[in-house]
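A.B. asks: One structure follows; several queries about it will come next.
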Amino acid sequence: MSRFAARRRALSVLYEADEKGGDIEALLLERLGDPGLPTPLPDYAKEIVSGVAAHKEEIDGLIAKNSSWKIERMAVLDRNIMRMAIWECLYGEGGPAVAYINEAIKLAKIYCGGKSVNFIYGVLCAATGRPKPEGGNEAPNSIELSV
Numbered sequence: 314m315s316r317f318a319a320r321r322r323a324l325s326v327l328y329e330a331d332e333k334g335g336d337i338e339a340l341l342l343e344r345l346g347d348p349g350l351p352t353p354l355p356d357y358a359k360e361i362v363s364g365v366a367a368h369k370e371e372i373d374g375l376i377a378k379n380s381s382w383k384i385e386r387m388a389v390l391d392r393n394i395m396r397m398a399i400w401e402c403l404y405g406e407g408g409p410a411v412a413y414i415n416e417a418i419k420l421a422k423i424y425c426g427g428k429s430v431n432f433i434y435g436v437l438c439a440a441t442g443r444p445k446p447e448g449g450n451e452a453p454n455s456i457e458l459s460v
C-alpha cells in the first residue's frame, strides 16, 4: 500500500477518535483487533496514529500558535491533516518538510474545501518554518521540492 493510502487510513482513525472524543491509542488498538476490516491497517498508518497520539499536545500547541485559532474551533479534518503533517515533519523519518506539506495538501484537496486547503497550507508553512510564496497562503497545485 502506498504512503498516501496509509495517510488516508491514518486520517480516518484520527478523525474517528476526534469525533468520538475518545483516546486515539485505544481506537487504534480496536482497529488493529478488528478482523472485519477488508484490509489491515498499514504499518505506516499505525506509526502516524501512534506518533500523533504521543505528541498531540506539542503538535496542537504548534497549530494553535501558528494559526491564531483555538484547536477545538477548527474543522476536525483540518486539524487532523495538520497533526499528521506536523508529526511527519518533526518526528517522522526525517524527509523534507515540503514533501509532507504537499501530501497534506493532497488530502485537504480531497476531503476539505478550498478555504481549508489554503488555511492548512498557511499553518503548515508557518509551523515548519517554510516561507510561503509571494501572494500569501494560497496552496499551489504542487509544491517545489527544493528546500
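The sequence shown maps to residues 314 to 460 in the numbering used here.
Glycine included, C-beta positions come from ideal geometry on N, C-alpha and C.
None of these values were measured; they are calculated from a predicted model.
Given that a residue counts as buried once 16 or more other Cβ atoms are within 10 Å of its Cβ, and exposed if not, what is A318?
C.D. replies: Answer is exposed; the Cβ neighbour count stays below 16.
A.B. asks: Considering just the uninterrupted stretch of the alpha helix (DSSP H) at M387, what are its terminal residues?
C.D. replies: Counting along the chain, M387 falls outside any alpha helix (DSSP H), and DSSP gives it neither H nor E.
A.B. asks: From I394 to G349, what does the alpha carbon distance come to, in whole angstroms?
C.D. replies: Using only the alpha carbons, I get a separation of about 26 Å.
A.B. asks: Determine whether the beta carbon atoms of K369 and R396 lie at a separation below 9 Å.
C.D. replies: In contact: K369 and R396 (Cβ atoms closer than 9 Å).
A.B. asks: Distance check for A439 and E457, CA to CA, integer angstroms please.
C.D. replies: Its pLDDT being 49, under 50, E457 is placed unreliably by the model, and the measurement read from it follows with that caveat. Answer to the nearest angstrom: the Cα atoms are 17 Å apart.
A.B. asks: Counting along the chain, where does the alpha helix (DSSP H) carrying D356 start and finish?
C.D. replies: Unbroken alpha helix (DSSP H) run through D356: D356 to S380.
A.B. asks: I need the DSSP call for E416, collapsed to helix, strand or coil.
C.D. replies: The answer is helix: DSSP assigns E416 an H, G or I state.
A.B. asks: Who are the Cβ neighbours of K422 in its own chain at under 6 Å, not counting the five residues just before and after it?
C.D. replies: Correct list, in chain order: V430.
A.B. asks: Out of curiosity, what's the CA-to-CA distance linking G346 and I337?
C.D. replies: Cα to Cα, G346 sits roughly 14 Å from I337.
A.B. asks: Is the beta carbon of Y413 closer than 9 Å to that of G405?
C.D. replies: Cβ distance < 9 Å, so G405 and Y413 count as in contact.
A.B. asks: Going by the beta-carbon positions, is the gap between W400 and I361 smaller than 9 Å?
C.D. replies: Taking 9 Å as the Cβ cut-off, W400 and I361 qualify as a contacting pair.
A.B. asks: Return the CA-CA distance between A377 and P353, expressed in angstroms with no decimal places.
C.D. replies: The straight-line gap from Cα to Cα measures roughly 33 Å.
A.B. asks: Let me confirm a value: V460 is counted as buried when at least 16 other C-beta atoms fall within 10 Å, else exposed. Which label applies?
C.D. replies: Only weak support exists for where V460 lies, its pLDDT of 36 falling under 50; the coordinates are left without a value.
A.B. asks: Here's the rule: buried if 16 or more other CB atoms are within 10 angstroms of the residue's CB, otherwise exposed. What is L324?
C.D. replies: Label assigned to L324: buried.
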